[in-house]
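Numbering (mature numbering (1 follows the signal peptide of the UniProt record, and there is no 0)), first residue to last: -19 to -1, 1 to 503. For each residue, glycine too, the CB sits at the ideal point set by N, CA and C. Only a predicted model underlies this, so the values are computations on that prediction, with no experimental measurement involved. In what follows, a structure is listed as structure tokens, so that the remarks can point back to it.
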């Protein structure tokens, strides 16, 4: 840190810490992620190559109640070739241990944070050598643990690669020589890799040898990071303010309390590894098994037809001043103010045991179905569908929704074109319905960079009246809790209107819904 801990403590004592919470509130009304729906996560970090990995570990711990953490593994990379630093992970986790009780005061009793002692037992190290050199060495503790985590459950294991992936490469190499082909194939099917670019020479080796592994990565010239999607954390949309990355904002909202004290100042980029787990946060926006739909961790497309490797895609961000930006970074940067506010709100939780001192995410509900899982509705050309989110509430005042702002918009880029229709034709009509609803000018953009949106708790969606279309239209409900206007918190819910005879995204994607009172206007 660039400021002494004592200064942060003075600010903490003077501003945030209060007496034990006496508010009469039912914590069981808070949103929560059931244990069986938490993603299993194995983090690979080249921590201490620069400060940003430490920043990402701090943010990860603020969301660790939403993950089933299976390991925090220190690794090498092209920027840190012959050493690893699990000790720095331990330092951050111990700081987290000082605030975990406060954090637990702000979440559902069934969604409590992992005790620091448990996380400390999960810290390990991969090989202390660079890249493919590790393949000729005895298997590392980290690689052996990765194998055990793959074998312990048939559920997917998300391997988040913040540095070089030679720990993963070592594990795969060992398995290829020590288990049957059938067992090895079954274990690979459980792997979900989200890599922050290729940072050693095992990355391409893994994808070449086992192309059936689910693998998200920005693909570009080696170390040519200017092209990478993850730079959305601090760039990507010129018209988007960088205030929430500045030292003044970070000092006020992030660098507070014991956990904020181990959040270092930026040297180069800011939290470049963070999109890997932003992608996994179940805020109602993304679908971790389908990178094409987009969310806080970006939006990704297969690099070839049928490929399990997903690379960069493009979004259009419409700025309030009327301009626009099309880039791969826009797929993540458009949400930057949202996830910065969200992190800051959680850091406030960490320094207060009083629930009423914090701001908490809205609990979304559409047509009686609680989020965050997407809803899928089968439609026909020209059909009208009414979506009603009036049962959504803010936990800070469940009986009063006056601090909530509702917006609806179509995420055009994440819709699926199945057959024969150009994307420009795939625009639905959105019309606010009910008291207080508003349909702004079509050219006006909201704070997520979407045009053609409505405000209000209910919306009527009209599907294009095109008989030859097979398409899946993605409608987003965005709900903002403005209890603290400086740190508004947003949650979302996605509705997939499927106009197709094809089951586009089968299995666990969505809650299927039948809308009884819709109108066919063809």
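Distance cut-off 8 Å: residue 333 Cβ against heavy atoms of the ligand ZN: Absence of the ligand ZN from the depicted structure is noted, as is the absence of any ligand whatsoever, leaving it without description.
Under the three-state DSSP convention, the category residue 331 falls into: Counted from its first residue, the chain shown places residue 331 at position 350. Residue 331: coil per DSSP, three-state reduction.
DSSP bridge partner residues for residue 457 (one or two, in chain order): The residue you call residue 457 lines up with position 476 of the chain shown. For residue 457, which the question treats as bridged, DSSP gives the partners 390 and 475.
Residues that residue 298 bridges to, as DSSP identifies them: Here residue 298 is taken as the residue at index 317 of the chain shown, counted from 1. In DSSP, residue 298 forms a bridge with 306.
Backbone CA spacing between residue 64 and residue 250 [nearest angstrom]: Position 83 of the chain shown, counted from the start, is the residue given in the question as residue 64. Position 269 of the chain shown, counted from the start, is the residue given in the question as residue 250. Roughly 22 Å between the two C-alpha positions.
Residues of its chain near residue 328, where Cβ-Cβ distance is below 8 Å and the 5 sequence neighbours each way are ignored: The count along the chain shown starts at 1 and reaches residue 328 at position 347. Contacts found: 43, 234, 235, 237, 238, 240 and 241.
Residue 108 burial status per 10 Å Cβ neighbour count (16 or more: buried): Indexing the chain shown from 1 puts residue 108 at position 127. Counting Cβ neighbours within 10 Å, residue 108 comes out buried, since at least 16 surround it.
Cβ-Cβ distance between residue 173 and residue 195 below 9 Å: To locate residue 173, count along the chain shown from 1; it is residue 192. To locate residue 195, count along the chain shown from 1; it is residue 214. Yes, the Cβ-Cβ distance between residue 173 and residue 195 is below 9 Å.
Three-state class that DSSP yields for residue 187 in the structure shown: Numbered from its first residue, the chain shown carries residue 187 at position 206. In the structure shown, residue 187 sits in a helix (DSSP, three-state: H, G or I).
Chain-order list of residues whose beta-carbon lies under 8 Å from that of residue -10 (same chain, five-residue window excluded): Here residue -10 refers to the residue found at position 10 of the chain shown. For residue -10, the pLDDT reaches just 30, beneath the cut-off of 50, and the residue's location in the model is therefore unreliable, leaving the point undetermined.
For residue 258 and residue 69, the rounded distance between their alpha carbons: Here residue 69 is taken as the residue at index 88 of the chain shown, counted from 1. Here residue 258 is taken as the residue at index 277 of the chain shown, counted from 1. Between residue 69 and residue 258, the C-alpha separation is close to 20 Å.
Opening and closing residue of the alpha helix (DSSP H) in which residue 42 lies: One-based indexing of the chain shown puts residue 42 at position 61. Run containing residue 42: 33 to 43, per the alpha helix (DSSP H) assignment.
Exposure of residue 11, with buried meaning 16 or more beta-carbon neighbours within 10 Å: Taking the chain shown and counting its residues from 1, one reaches residue 11 at position 30. Residue 11 is buried by the Cβ-count criterion.
9 Å Cβ cutoff met for residue 86 and residue 334: In the chain shown, the residue the question calls residue 86 occupies position 105. In the chain shown, the residue the question calls residue 334 occupies position 353. Going by C-beta atoms, residue 86 is nearer than 9 Å to residue 334.
Whole-angstrom C-beta distance between residue 345 and residue 352, which should lie under 8 Å: Walking along the chain shown from the start, residue 352 turns up at place 371. Walking along the chain shown from the start, residue 345 turns up at place 364. About 4 Å separates the two Cβ atoms, so the contact holds.
Under 9 Å between C-beta atoms of residue 367 and residue 310: Here residue 367 refers to the residue found at position 386 when the chain shown is read from its first residue. Here residue 310 refers to the residue found at position 329 when the chain shown is read from its first residue. In this structure, residue 310 does not lie closer than 9 Å to residue 367 by Cβ.
Outcome for residue 409 when other beta-carbon atoms lying within 10 angstroms are tallied against a minimum of 16: The sequence position of residue 409 within the chain shown is 428, counting from 1. Buried, by the Cβ-count rule.
CB-CB length for residue 358 against residue 347, believed under 8 Å: The residue labelled residue 358 in the question sits at position 377 within the chain shown. The residue labelled residue 347 in the question sits at position 366 within the chain shown. Not confirmed; about 10 Å, so no contact.
DSSP-derived helix/strand/coil call for residue 123: Reading the chain shown from its first residue, position 142 is the one you call residue 123. Three-state DSSP puts residue 123 in a helix.
Burial state of residue 189 (16 or more Cβ within 10 Å): Here residue 189 is taken as the residue at index 208 of the chain shown, counted from 1. Exposed, because fewer than 16 other Cβ atoms sit within 10 Å of the Cβ of residue 189.
Sequence ranges, beta strand (DSSP E) only - wholly within the segment 89 to 135, length at least 3: 104 to 106
Length of the line joining the Cα atoms of residue 443 and residue 24: Position 462 of the chain shown, counted from the start, is the residue given in the question as residue 443. Position 43 of the chain shown, counted from the start, is the residue given in the question as residue 24. If you take the alpha carbons of residue 443 and residue 24, they lie about 43 Å apart.
Residue 416, DSSP secondary structure in three states: Looking up residue 416 in the chain shown gives position 435. Here residue 416 sits in coil by DSSP.
Cβ shell of residue 292 (< 6 Å), same chain only, five flanking positions each side left out: Taking the chain shown and counting its residues from 1, one reaches residue 292 at position 311. Contacts found: 200 and 284.
Burial state of residue 121 (16 or more Cβ within 10 Å): Indexing the chain shown from 1 puts residue 121 at position 140. So residue 121 counts as buried.
Best match in 480, 372, 471 and 253 for proximity to residue 32 [C-alpha to C-alpha]: Here the question's residue 32 lines up with position 51 in the chain shown. Selected option, being the one with the closest Cα: 253.
Own chain, CB closer than 6 Å to residue 435, minus 5 neighbours either side, in chain order: The residue you call residue 435 lines up with position 454 of the chain shown. Cβ neighbours of residue 435 beyond the five flanking positions: 389, 411, 413 and 420.
Cβ pair residue 438, residue 382 closer than 9 Å: By 1-based counting over the chain shown, the position of residue 438 is 457. By 1-based counting over the chain shown, the position of residue 382 is 401. Yes; because the gap between Cβ atoms is below 9 Å, this pair is in contact.
The segment 148 to 168 contacting the segment 269 to 285, beta-carbon criterion three pairs below 8 Å: no
Cβ neighbour criterion (16 or more within 10 Å) applied to residue 126: Here the question's residue 126 lines up with position 145 in the chain shown. By the neighbour-count rule (16 or more Cβ atoms within 10 Å), residue 126 is buried.
Residue 430 - partner residues in DSSP beta bridges: To locate residue 430, count along the chain shown from 1; it is residue 449. Partner(s): none; residue 430 has no beta bridge.
Residue 296 classed as buried or exposed, judged by whether at least 16 other C-beta atoms fall within 10 angstroms: Residue 296 sits at position 315 when you count from the first residue of the chain shown. Buried: at least 16 other Cβ atoms inside 10 Å.
The segment 26 to 41 in contact with the segment 371 to 380 per 3-pair CB rule at 8 Å: no
Buried or exposed by the 16-neighbour rule on C-beta atoms within 10 Å, applied to residue 9: The count along the chain shown starts at 1 and reaches residue 9 at position 28. It counts as exposed.
Element boundaries [alpha helix (DSSP H), containing residue 258]: Here residue 258 refers to the residue found at position 277 of the chain shown. Start and end: 256 to 259.
Contacts around residue 474, its chain only, beta-carbon distance under 6 Å, and the 5 residues preceding and following it disregarded: For the purposes of this step, residue 474 is taken as the residue at position 493 of the chain shown. Once the five neighbours on either side are set aside, the close Cβ partners of residue 474 are 265, 345, 347, 352 and 458.
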